[in-house]
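Let me begin by presenting the structure, written as structure tokens, before commenting on it.
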Amino acid sequence: MKTLELRSDTFTRPTPGMLQAMMAAPVGDDVFGEDPTVNQLEERLAAYFGKEAAMFCASGTMANQIGIQVHIRQGDEVICEREAHVYIYEGGGIAAFGGASIRPIAGQRGQLTATEILANISDPHNVHLPISRLVCLENTANRGGGSCYSIENIREIRQVCDQHQLALHLDGARLFNAMVAGNHTPEALAASFDTLSVCLSKGLGAPVGSVLLGSRDHIRLARRIRKRMGGGWRQAGILAAAGLYALDNHIERLAEDHQRARALATIMRAVAGVKAVEEPETNIVLLELEASLTPATFCASLAAKQILCLPFGPQKVRMITHLDFTEQDLNDLQERLR
Ligand SMILES: Cc1ncc(COP(=O)(O)O)c(C=O)c1O
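Take the sequence shown: its position 257, counting from 1, is numbered 256 in numbering that gives the first Met the number 0, and each next residue is one higher.
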């Protein structure tokens, strides 16, 4: 019986076409700026999102944490949603690397509004307070069930940032999902941000890599920080080739993952012990369980049928659709749960 992997979209394996592209990639030493495939990936993504420059990184965490360090100084404050990945899942990097504190705000479905941000900016004239320096948003919001920001909301947040001299960073680990779901252009989604990270190894199915985007000055500084953190790499073109292949072949198909997530939500609503399932906007399906069940017990009972999902909070379970979860897999899942 095939294991149906729904814990995360990071479990995908490179396709044969992707592996071929990786093997054929021309490479050089990227620390010297001489890997042609890395350079191609960076130039292509910068142009795609309408930014001046880009830097290929080993992970989304690295791209976010470098992007954040570009903006902050010790003692500053970073404003983000209280379940933001940069806050709860990046090993305390904002404190450890940037020496900044965090102002976590309870938003809705992982998102913040301009009004909520405005209410949490510290008075820069009050010496008791840290200096609010940076706002971080997440699109799509992972713990928000893959929810998408509206462009209008992002623009309003940008206005508040401008009025209060705050920088704005985006954790775009699943920005391609937001782009396809909302039928947005990449420029429209990126325009308001000073820096943003986008991930190639989640929905897009590459084995490794995220890219930090921003102005030429921001990326110049980011390269210094990446080197300092040991993230300068050599023939990384082998990995960049997988990213280029994913950009060519795996963006439009994200609509299939979203459609399967909606179908999965319908199936899961009928499963015993499931109290509610939010209607998915993208590829993330969040289940709320009846009080009588723990996420661990629920996930174990599905695992016995070779269906893997992730405990995601006191009564929550997460399932994510992706490149390696096919229509046949969806049908099999329905059969196994019947
Ligand atoms: C919203 C979000 N941001 C950032 C990351 C970090 O990516 P990585 O695992 O490549 O460090 C993840 C990983 O799942 C994520 O879901």
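C-beta: ideal position from N, C-alpha, C; glycine also.
Around the C-beta of Gly74, are 16 or more other C-beta atoms found within 10 angstroms, so that it is buried, or is it exposed?
As a working note, residue 74 is residue 75 in the sequence shown. Counting Cβ neighbours within 10 Å, Gly74 comes out exposed, since fewer than 16 surround it.
Using 8 Å as the cut-off, can you tell me whether the segment 188–206 makes contact with the segment 2–11, which would need three or more C-beta pairs spanning the two stretches below that distance?
Touching, yes, given that three or more Cβ pairs across the two stretches are closer than 8 Å.
Could you check whether the segment 263–280 touches the segment 160–170, counting it as contact only if at least three pairs of C-beta atoms, one from each stretch, sit closer than 8 Å?
They do not touch, by the three-pair rule.
Under the rule that 16 or more other beta-carbon atoms within 10 Å means buried, what is Thr139, buried or exposed?
Counting from 1 along the sequence shown, the entry for residue 139 is found at position 140. With 16 or more other Cβ atoms within 10 Å, it is buried.
Does the count of Cβ pairs from the segment 15–29 and the segment 177–185 closer than 8 Å reach three?
Short answer: they don't touch.
Under 8 Å: do the segment 40–54 and the segment 208–224 share three or more Cβ pairs, one atom per stretch?
Judged by Cβ distances under 8 Å, the segment 40–54 makes contact with the segment 208–224, as three or more pairs qualify.
Residues in its own chain within less than 6 Å of Asn248 by CB, not counting five upstream and five downstream?
In the sequence shown, the residue the question calls residue 248 occupies position 249. Taken in chain order, the list of residues that qualify is empty.
Contact defined as beta carbons within less than 8 Å: I believe Val37 pairs with Ala239. What is the distance between those atoms, to the nearest angstrom?
Counting from 1 along the sequence shown, the entry for residue 37 is found at position 38. Counting from 1 along the sequence shown, the entry for residue 239 is found at position 240. Right, their Cβ atoms sit about 4 Å apart.
Cutting at 8 Å between CB atoms, please list the residues of its own chain near Cys56, excluding the five before and the five after it.
Start at 1 with the first residue of the sequence shown, and residue 56 comes out as number 57. Here the set comprises Ala62, Ile65, Ser196, Gly208, Ser209, Val210, Leu211, Arg225 and Gly230.
Could you check if Leu5 is buried or exposed, using at least 16 other CB atoms within 10 Å of its CB as the buried criterion?
Taking the first residue of the sequence shown as position 1, residue 5 is located at position 6. Looking at its Cβ environment, which holds 16 or more other Cβ atoms inside 10 Å, Leu5 is buried.
Does the segment 73–88 come within contact of the segment 243–261, defined as at least 3 CB pairs closer than 8 Å?
Judged by Cβ distances under 8 Å, the segment 73–88 makes no contact with the segment 243–261, as fewer than three pairs qualify.
Could you check what DSSP says for Val30 in three-state terms: helix, strand or coil?
For the purposes of this step, residue 30 is identified with residue 31 of the sequence shown, where counting begins at 1. Helix at Val30.
Does the distance between the C-beta of Thr194 and the nearest non-hydrogen atom of ligand 2 fall short of 8 Å?
With respect to ligand 2, the structure offers nothing, as its ligand set consists of ligand 1.
Looking at the secondary structure, which residues open and close the beta strand (DSSP E) in which Val273 lies?
Taking the first residue of the sequence shown as 1, we reach residue 273 at position 274. Looking at the DSSP string, the run of the beta strand (DSSP E) that includes Val273 is Val273 to Val276.
Using the Cα positions of Pro339 and Glu41, report the straight-line distance between them to the nearest angstrom.
No statement about residue 339 is possible, as the shown extent of the chain runs from 0 to 337 and does not include it.
Apply the 10 Å Cβ neighbour rule to Pro342 and answer buried if 16 or more other Cβ atoms are within range, or exposed otherwise.
In the structure as shown, the chain begins at 0 and stops at 337. Residue 342 is therefore absent and cannot be evaluated.
Between the alpha carbons of Glu277 and Val284, how many angstroms are there, rounded?
The sequence position of residue 277 within the sequence shown is 278, counting from 1. The sequence position of residue 284 within the sequence shown is 285, counting from 1. Roughly 7 Å separates the two Cα atoms.
Find out if the Cβ-Cβ distance for the pair Ser131, Asn119 is shorter than 9 Å.
As a working note, residue 131 is residue 132 in the sequence shown. As a working note, residue 119 is residue 120 in the sequence shown. For Ser131 and Asn119, yes; Cβs fall inside 9 Å.
Please name the residue in Leu307, Glu287 and Ala189 whose C-alpha comes closest to that of Gly144.
Position 145 of the sequence shown holds residue 144. Of the candidates Leu307, Glu287 and Ala189, the one whose C-alpha sits nearest the C-alpha of Gly144 is Glu287.
Measuring CA to CA, which of Arg233, Leu220 and Asp170 is closest to Glu33?
As a first step, residue 33 must be located in the sequence shown, where it is residue number 34. Among Arg233, Leu220 and Asp170, the Cα nearest to that of Glu33 belongs to Arg233.
Given a cut-off of 9 Å, decide if Thr60 and Gly90 are closer than it, judged by their beta-carbon atoms.
Within the sequence shown, residue 90 is the residue found at index 91, counting from 1. Within the sequence shown, residue 60 is the residue found at index 61, counting from 1. Result yes, Cβ atoms of Gly90 and Thr60 sit closer than 9 Å.
Just grab the DSSP bridge partners of Asp347 for me.
No answer is possible for residue 347: the residues shown for the chain start at 0 and end at 337.
Cβ of Cys198 versus every heavy atom of ligand 1: is any distance shorter than 8 Å?
Here the question's residue 198 lines up with position 199 in the sequence shown. Yes, since a heavy atom of ligand 1 falls inside the 8 Å radius drawn around the Cβ of Cys198.
Excluding the five sequence neighbours on either side, which residues of its own chain have a C-beta within less than 8 Å of the C-beta of Ile104, listed in chain order?
Taking the first residue of the sequence shown as 1, we reach residue 104 at position 105. Taken in chain order, the residues that qualify are Ile78, Cys79, Glu80, Arg81, Leu111, Glu115, Ile116 and Asn119.
Using the DSSP secondary-structure output, state which residues sit across from Val37 in a beta bridge.
Taking the sequence shown and counting its residues from 1, one reaches residue 37 at position 38. For Val37, which the question treats as bridged, DSSP gives no partner whatsoever.
Take Ser7 as the anchor and find which of Arg222, His321, Gly242 and Arg252 has the nearest alpha-carbon.
As a working mapping, residue 7 is identified with position 8 in the sequence shown. Checking every option, the nearest Cα to that of Ser7 belongs to His321.
I'd like to confirm the pairing. Which residues does DSSP put opposite Leu329 in its beta bridges?
Your numbering for residue 329 matches position 330 in the sequence shown. Looking at the DSSP assignment, Leu329 forms no beta bridge with any residue, so it has no partner.
Is the beta carbon of Leu301 less than 9 Å from the beta carbon of Leu292?
Stepping through the sequence shown from its first residue, residue 301 is reached at position 302. Stepping through the sequence shown from its first residue, residue 292 is reached at position 293. For Leu301 and Leu292, no; Cβs fall outside 9 Å.
Tell me the DSSP bridge mates of Asp75?
On the sequence shown, position 76 is the one that residue 75 refers to. According to DSSP, Asp75 bridges with Ile130.
Compute the distance between the beta-carbons of Val270 and Leu336, then report whether it is under 9 Å.
Position 271 of the sequence shown, counted from the first residue, corresponds to residue 270. Position 337 of the sequence shown, counted from the first residue, corresponds to residue 336. For Val270 and Leu336, yes; Cβs fall inside 9 Å.
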